[in-house]
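A.B. asks: Per UniProt numbering, the sequence shown runs over residues 1 to 249.
There's a structure below that I have some questions on.
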Amino acid sequence: MLQLFISDLHLDDERPATTRAFLRFLQEEARGADQLYILGDFFESWIGDDDSSPLIDTVTAALRELSSAGTELFIMQGNRDFLLGEVFCQAVGAKLLPDPSVINLAGEPTLLMHGDSLCTADKEYIAFRQLARSEAWQREVLAKPLEERRALARQLRMASFEANSNKADDIMDVTPEEVSAQMAATACSTLIHGHTHRPARHQVTVNGKSGERWVLGDWVESSAEGEAGHCHYLRCDGTDLQLVRYLFS
């Protein structure tokens with residue numbers, strides 16, 4: 001059983017190198033994998049499954065090709081694409097995962113999350129998250145014309161950027177007590193999440209026992225300073241977990 005975990009691609013027309021890298025990832029790393037999990041912020045923004053664009057069409061076709069070849073696909077909503085729904089998942093042959101979800105990984109129950117709900121010190125964001133996940137708010141937004149939703153998405157992205165620029169790094173990271181509480185509540189000694197853009201493997205304590213928290217990386221395009229485009233994904237071959245650095249080219 002080969003299972004792969006990725007998150008925080010933030011696919012967008014303004015990030016073509018990331019799209020190209022993802023398409024190559026599907027052809028190379030994911031080809032022949034038993035399962036591929038995308039744990040949120042797959043797209044930079046998502047205004048509803050009724051939206052269409054060349055980017056969405058390209059990604060839909062590539063995922064559908066992978067799922068048709070036998071790889072099981074699982075997609076979780078993130079804080080950027082929380083309106084992504086069943087219609088898109090059906091189009092690509094994926095299952096929409098609730099956040100949180102528990103799966104069997106290497107014979108052990110493992111907790112999967114996007115990770116934003118773990119950042120409880122960021123009270124302003126947590127309040128918005130509760131609003132944006134409510135059925136009433138989503139129903140009202142999805143009833144608006146596409147152009148109004150696009151404008152709202154731009155507004156929310158700008159507000160998020162401005163708000164985050166004024167927050168301390170530790171506020172936007174996970175709260176250790178919330179991590180332990182979520183793992184204890186689900187009886188899981190392993191947690192996999194994204195969101196924080198801080199790929200790493202952490203040792204944690206859950207109910208007095210040792211556990212692990214694996215953080216996936218975001219997909220970073222090459223910079224003017226010479227940093228190569230890359231991401232970090234998690235690979236499980238049925239026994240061992242490995243955080244892998246993947247170069248765009």
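Every residue gets a Cβ at the ideal spot worked out from N, C-alpha and C, and that includes glycine.
Just so you know, these numbers come straight off a predicted model, no measurement behind them.
1) Hey, which unbroken runs of the alpha helix (DSSP H) at 4 residues or more fall wholly within the region 133-165?
2) Looking only at its own chain, which residues have a Cβ that is under 6 Å from the Cβ of N207, when we skip the five neighbours before and after it?
3) Distance, Cα to Cα, P176 vs T110?
4) Which word fits R15, buried or exposed, when buried means at least 16 other C-beta atoms lie within 10 angstroms of its C-beta?
5) Expressed to the nearest angstrom, what Euclidean distance is found between the alpha-carbon atoms of S101 and S7?
6) Work out the CA separation of C188 and A181 for me, nearest whole Å.
7) Within 10 Å of its beta-carbon, does W214 have 16 or more other beta-carbons around it, so buried, or fewer, so exposed?
8) What does DSSP give as the partner residue(s) for W214 in the beta ladder?
9) Where does K209 fall in DSSP's three states?
10) If you draw a straight line from the C-alpha of T65 to the C-alpha of R235, how long is it?
11) My output table needs one value for C89: the three-state DSSP class, helix, strand or coil.
12) Taking Cβ to Cβ, would you say L55 is nearer than 7 Å to D122?
13) Check each candidate in A69, L156, L84, H114 and name the one with the smallest Cα separation from F128.
14) Give the DSSP bridge partners of P109, in chain order.
15) Taking DSSP's pairing of strands, which residues face A94 in a bridge?
16) Within 10 Å of its beta-carbon, does Q77 have 16 or more other beta-carbons around it, so buried, or fewer, so exposed?
17) Can you tell me whether DSSP reads R245 as helix, strand or coil?
18) Which residue or residues does DSSP assign as beta-bridge partners of V220?
19) Pull the bridge partners of Q3 from the DSSP assignment, please.
20) When the Cα of S249 is compared with those of A228, T239, I171, D237, which residue comes out closest?
C.D. replies: Put simply:
1) 135-142, 146-165
2) Taking the first residue of the sequence shown as position 1, residue 207 is located at position 207. Counting only Cβ-Cβ distances below 6 Å, and skipping sequence neighbours, we find A184.
3) Position 176 of the sequence shown, counting from 1, holds the residue named residue 176. Position 110 of the sequence shown, counting from 1, holds the residue named residue 110. So the two alpha carbons sit approximately 17 Å from each other.
4) Counting from one through the sequence shown, the residue named residue 15 turns up at place 15. Counting C-beta atoms within 10 angstroms of its own C-beta, R15 has 16 or more neighbours from the protein chains shown and is therefore classed as buried.
5) One-based indexing of the sequence shown puts residue 101 at position 101. One-based indexing of the sequence shown puts residue 7 at position 7. Cα-Cα distance, rounded: 15 Å.
6) Along the sequence shown, one-based indexing puts residue 181 at 181. Along the sequence shown, one-based indexing puts residue 188 at 188. Distance between the alpha carbons of A181 and C188 is about 10 Å.
7) As a first step, residue 214 is located in the sequence shown; it is residue number 214 there, counting from the start. Classification of W214: buried, given that the 10 Å Cβ count is 16 or more.
8) Within the sequence shown, numbered from 1, the residue matching residue 214 stands at position 214. I192, R201.
9) In the sequence shown, counting from the first residue as 1, residue 209 sits at position 209. K209 falls in the strand class under three-state DSSP.
10) As a position in the sequence shown, residue 65 is number 65, starting the count at 1. As a position in the sequence shown, residue 235 is number 235, starting the count at 1. Sequence inspection shows Glu at residue 65; the Thr mentioned does not correspond to that position. Spanning the two alpha carbons is a distance of roughly 21 Å.
11) On the sequence shown, position 89 is the one that residue 89 refers to. Of the three classes helix, strand and coil, the one that applies to C89 here is helix, per DSSP.
12) Position 55 of the sequence shown, counted from the start, is the residue given in the question as residue 55. Position 122 of the sequence shown, counted from the start, is the residue given in the question as residue 122. No.
13) In the sequence shown, the residue the question calls residue 128 occupies position 128. For F128, the nearest C-alpha among the options comes from L156.
14) The residue given as residue 109 occupies position 109 in the sequence shown. According to DSSP, which records beta bridges pairwise, P109 is partnered with N104.
15) For the purposes of this step, residue 94 is identified with residue 94 of the sequence shown, where counting begins at 1. According to DSSP, which records beta bridges pairwise, A94 is partnered with L73.
16) As a working mapping, residue 77 is identified with position 77 in the sequence shown. With 16 or more Cβ atoms within 10 Å of its Cβ, Q77 is classed as buried.
17) Mapped onto the sequence shown, residue 245 falls at position 245. Three-state DSSP puts R245 in a strand.
18) Here residue 220 corresponds to residue number 220 of the sequence shown, with the count starting at 1. V220 is bridged by DSSP to H230.
19) Here residue 3 refers to the residue found at position 3 of the sequence shown. Partner(s): Q35, C236.
20) As a first step, residue 249 is located in the sequence shown; it is residue number 249 there, counting from the start. Residue A228 is the option with its Cα nearest to S249.
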